[in-house]
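Residue numbers (this note's numbering), protein chains in the order written: chain B, 1 to 253; chain L, 1 to 202.
Note that beta-carbon positions come from the ideal geometry of N, C-alpha and C, so glycine has one too.
If you're wondering where the values come from, they're calculated on a predicted model, not measured in any experiment.
Working notes for the structure below.
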Amino acid sequence: MLRTRVIPTLLLRGESLVKTVRFGKFTYVGDPANTVRIFNELEVDELIFLDISASKEGREPNFKVLEDIANECFMPLGYGGGISSLRHAQTILEIGFEKIAINTQSFVNKELITEIADVYGSQAVIASIDVKTGFFGKPSVRSLGGKLNKKYDPVVWAKEVESLGAGEILLTCIDREGTWNGFDLEIVKSVTEAVSIPVIAHGGAGSIEHLRQVVKKANASAVALGSMVVFQKKGMGVLVNFPDREVLEEVLS
Amino acid sequence: MIAIINYGMGNLGSMNNMFKRIGVKASIESQLGRIEQAEKLVLPGVGSFDAAMNRLNAITGLRDLLEDKVMNEKIPILGVCLGMQILTSASEEGRQPGLGWIKGEAKRFPRHDTLKVPHMGWNIASRESASLLTKNIGNESRYYFVHSYYVRVDNQSHSIMRTHYGFGFDSAIGNKNIYGVQFHPEKSHRFGMQILKNFSEI
Numbered sequence: 001m002l003r004t005r006v007i008p009t010l011l012l013r014g015e016s017l018v019k020t021v022r023f024g025k026f027t028y029v030g031d032p033a034n035t036v037r038i039f040n041e042l043e044v045d046e047l048i049f050l051d052i053s054a055s056k057e058g059r060e061p062n063f064k065v066l067e068d069i070a071n072e073c074f075m076p077l078g079y080g081g082g083i084s085s086l087r088h089a090q091t092i093l094e095i096g097f098e099k100i101a102i103n104t105q106s107f108v109n110k111e112l113i114t115e116i117a118d119v120y121g122s123q124a125v126i127a128s129i130d131v132k133t134g135f136f137g138k139p140s141v142r143s144l145g146g147k148l149n150k151k152y153d154p155v156v157w158a159k160e161v162e163s164l165g166a167g168e169i170l171l172t173c174i175d176r177e178g179t180w181n182g183f184d185l186e187i188v189k190s191v192t193e194a195v196s197i198p199v200i201a202h203g204g205a206g207s208i209e210h211l212r213q214v215v216k217k218a219n220a221s222a223v224a225l226g227s228m229v230v231f232q233k234k235g236m237g238v239l240v241n242f243p244d245r246e247v248l249e250e251v252l253s
Numbered sequence: 001m002i003a004i005i006n007y008g009m010g011n012l013g014s015m016n017n018m019f020k021r022i023g024v025k026a027s028i029e030s031q032l033g034r035i036e037q038a039e040k041l042v043l044p045g046v047g048s049f050d051a052a053m054n055r056l057n058a059i060t061g062l063r064d065l066l067e068d069k070v071m072n073e074k075i076p077i078l079g080v081c082l083g084m085q086i087l088t089s090a091s092e093e094g095r096q097p098g099l100g101w102i103k104g105e106a107k108r109f110p111r112h113d114t115l116k117v118p119h120m121g122w123n124i125a126s127r128e129s130a131s132l133l134t135k136n137i138g139n140e141s142r143y144y145f146v147h148s149y150y151v152r153v154d155n156q157s158h159s160i161m162r163t164h165y166g167f168g169f170d171s172a173i174g175n176k177n178i179y180g181v182q183f184h185p186e187k188s189h190r191f192g193m194q195i196l197k198n199f200s201e202i
């Protein structure tokens with residue numbers, strides 16, 4: 001049977017990999033090509049790269065870095081950050097990535113998701129949705145690296161991107177990101193119940209038990225890992241690692 | 001030399017990267033003259049069945065050249081993903097006939113309460129019959145799949161590996177010099193690498 005995908009999700013800032021806490025407080029993790037070589041040796045299921053400064057700086061994806069990554073990786077690859085046209089998507093797919101994540105641009109140009117899905121298929125488009133819980137406990141969707149409050153309920157926006165043609169949703173809970181405190185099961189569950197496309201839960205993973213909860217209780221199709229795969233432990237130094245496969249299979253199947 | 005046929009359907013860069021990694025001479029080719037010189041062919045494909053067949057048929061001379069290389073010259077060919085589906089006779093996805101080199105058909109995964117379509121992710125392929133394609137490959141190897149249609153071959157001896165997703169389907173097929181894999185070997189770590197290595201040694 002199909003295994004639950006466990007996906008290291010790595011943050012690019014310029015030509016470096018970093019890790020954040022609640023979208024701030026950057027820690028340098030390493031050089032992308034070297035780091036992915038380790039993930040390739042660890043035979044991870046899939047990798048997602050998010051350039052967290054591209055949209056903020058209004059620039060294109062760094063195609064050279066992506067090419068270096070694709071040359072080292074023999075697993076499915078996704079990329080998000082600064083993609084604003086079909087041409088960008090095309091270039092990245094030709095480099096050897098198979099999934100394009102769209103976040104900020106889906107608010108600027110709603111047709112972009114549909115355009116890419118029409119040409120390359122839905123499976124090539126990940127709608128990346130960043131969610132932050134507001135002062136009164138109501139979650140809302142953010143763009144531009146968490147900066148802009150789009151005032152959308154995550155469930156409403158998730159349904160919208162599904163109808164636009166996205167094949168998958170990367171759902172990031174900003175309040176949990178980098179905290180090691182576990183996923184926001186309530187938000188994840190509300191979205192997985194509302195759409196029929198796979199949802200990758202992102203933000204808060206700190207233990208195998210957290211992974212089990214988000215898969216079993218919130219019905220996530222896949223899990224994205226950040227801090228857990230680049231640090232030794234919470235508060236400790238950089239160590240590229242991946243949970244033991246047998247443990248994962250036992251817990252997630 | 002292995003020619004990875006570029007007919008405008010899909011992601012060829014990563015296939016080329018993997019051949020490079022295993023030290024096999026391969027190149028992405030769209031010109032008939034270059035494809036004609038190839039000793040082996042890889043037929044990739046991502047997209048829809050009819051789009052792929054229409055593209056193959058629209059490039060003047062390509063279809064005839066492939067028929068000649070594969071059916072007369074009998075050089076090995078490997079169809080990947082949609083490239084495997086078009087080796088068969090037809091698909092529920094489209095109206096165009098396939099190449100028909102391996103009798104069988106691609107069908108849509110049925111709607112299911114818990115199994116999502118596309119079948120996307122890592123799954124096990126178990127050996128069904130002996131083949132050069134699966135030399136040195138353990139019986140429980142895992143591969144990366146993304147597809148909404150699955151293949152059933154008419155003649156069970158043409159099934160090389162099978163995979164289970166709700167039910168069993170043919171995930172690697174072969175008939176003489178003609179091979180196909182539903183998964184993406186170029187995205188399947190050492191398991192996929194071994195498949196491409198085996199193909200290069202056939």
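HIS158(L) and ILE102(L) have their C-alpha atoms some 8 Å from each other. In the DSSP annotation of this structure, ARG59(B) is not part of any alpha helix (DSSP H), being labelled neither H nor E. In chain order, SER141, ARG142, TYR143, MET161, ARG162, THR163, SER171, ALA172 and PHE183 place their CB closer than 8 Å to the CB of ALA125(L), counting only its own chain and leaving out the 5 sequence neighbours on each side. Around the beta-carbon of SER196(B), fewer than 16 other beta-carbon atoms lie within 10 Å, marking it exposed. In summary, LYS151(B) is exposed, with fewer than 16 beta-carbon neighbours lying within 10 Å of its beta-carbon over all protein chains present.
Using a Cβ-Cβ cut-off of 7 Å, GLY13(L) is close to ALA70, GLU94, ILE95 and GLY96 of chain B, given in chain order. Excluding the 5 residues flanking it on each side, LEU252(B) has same chain C-beta neighbours closer than 6 Å at THR4 and VAL215, in chain order. Chain-ordered, the chain L residues with CB closer than 8 Å to the CB of ARG3(B) read GLY121, TRP122, ASN123 and ARG142. In summary, HIS119(L) is buried, with 16 or more beta-carbon neighbours lying within 10 Å of its beta-carbon over all protein chains present. Taking 8 Å as the cut-off between beta carbons, the residues of the stretch 12 to 43 of chain B near chain L are ASN40 and GLU43, in sequence order. For GLY80(B), none of the residues of chain L pass the 8 Å Cβ criterion, the least Cβ distance being about 17 Å.
Within the DSSP bridge table, the entry for THR133(B) names PRO139(B) as partners. Between GLU193(B) and the set ASN219(B), PRO243(B) and ARG142(B), the nearest pair of CA atoms involves ASN219(B). Identification of residues in the stretch 110 to 135 of chain B having a C-beta nearer than 9 Å to some C-beta of chain L yields VAL119, TYR120, GLY121, SER122, GLN123 and ALA124, given in sequence order.
Of the candidates HIS189(L), GLU186(L), TYR179(L) and GLY192(L), TYR179(L) places its Cα closest to the Cα of ILE202(L). Closer than 9 Å at the C-beta level to chain L, one finds no residue of the stretch 223 to 251 of chain B. Counting along the chain, ASP64(L) sits inside the alpha helix (DSSP H) bounded by residues 62 to 67.
MET15(L) sits buried, since 16 or more C-beta atoms from the chains shown fall within 10 Å of its C-beta.
For LYS197(L), the closest alpha carbon among the candidates MET9(L), TYR7(L) and ASN17(L) is that of ASN17(L).
Rounded to the nearest whole angstrom, the CA to CA distance from ASN177(L) to LYS20(L) is 23 Å. In summary, GLU15(B) is exposed, with fewer than 16 beta-carbon neighbours lying within 10 Å of its beta-carbon over all protein chains present.
Going by DSSP, ASN123(L) is part of the beta strand (DSSP E) stretching over 119 to 127.
Scanning GLY174(L), HIS147(L), GLN85(L) and GLY166(L) for the CA closest to the CA of ARG127(L) turns up GLY174(L). PHE74(B) belongs to the set of residues whose beta carbon lies under 7 Å from a beta carbon in chain L. Around the beta carbon of ILE22(L), fewer than 16 other beta carbons sit within 10 angstroms, so the residue counts as exposed. Rounded to the nearest angstrom, the Cβ distance from ARG63(L) to MET9(L) is 14 Å, too far for a contact under 8 Å. PRO32(B) carries a helical assignment under DSSP once its states are collapsed to helix, strand and coil. Within a 10 Å sphere around the beta-carbon of PRO97(L) sit fewer than 16 other beta-carbons, which makes this residue exposed. A direct Cα-Cα distance of roughly 30 Å separates GLN90(B) from TYR28(B). Residue pairing from DSSP places ASN175(L) in a beta bridge opposite ILE178(L). Under the DSSP assignment, ILE92(B) falls in the alpha helix (DSSP H) whose first and last residues are 86 to 95. In the DSSP assignment, ASP51(B) falls outside any alpha helix (DSSP H) and lies within the beta strand (DSSP E) extending over 47 to 51. Nearest Cα to GLN85(L) within the set LEU12(L), VAL146(L) and ASP113(L): VAL146(L).
Taken in chain order, the members of the stretch 178 to 191 of chain L whose beta-carbon sits within less than 8 Å of a beta-carbon on chain B are HIS184, GLU186, LYS187, SER188, HIS189 and ARG190.
At least one CB of chain B lies nearer than 7 Å to the CB of VAL146(L). Rounded to the nearest angstrom, the Cβ distance from GLY80(B) to ASN103(B) is 6 Å, consistent with a contact under 8 Å.
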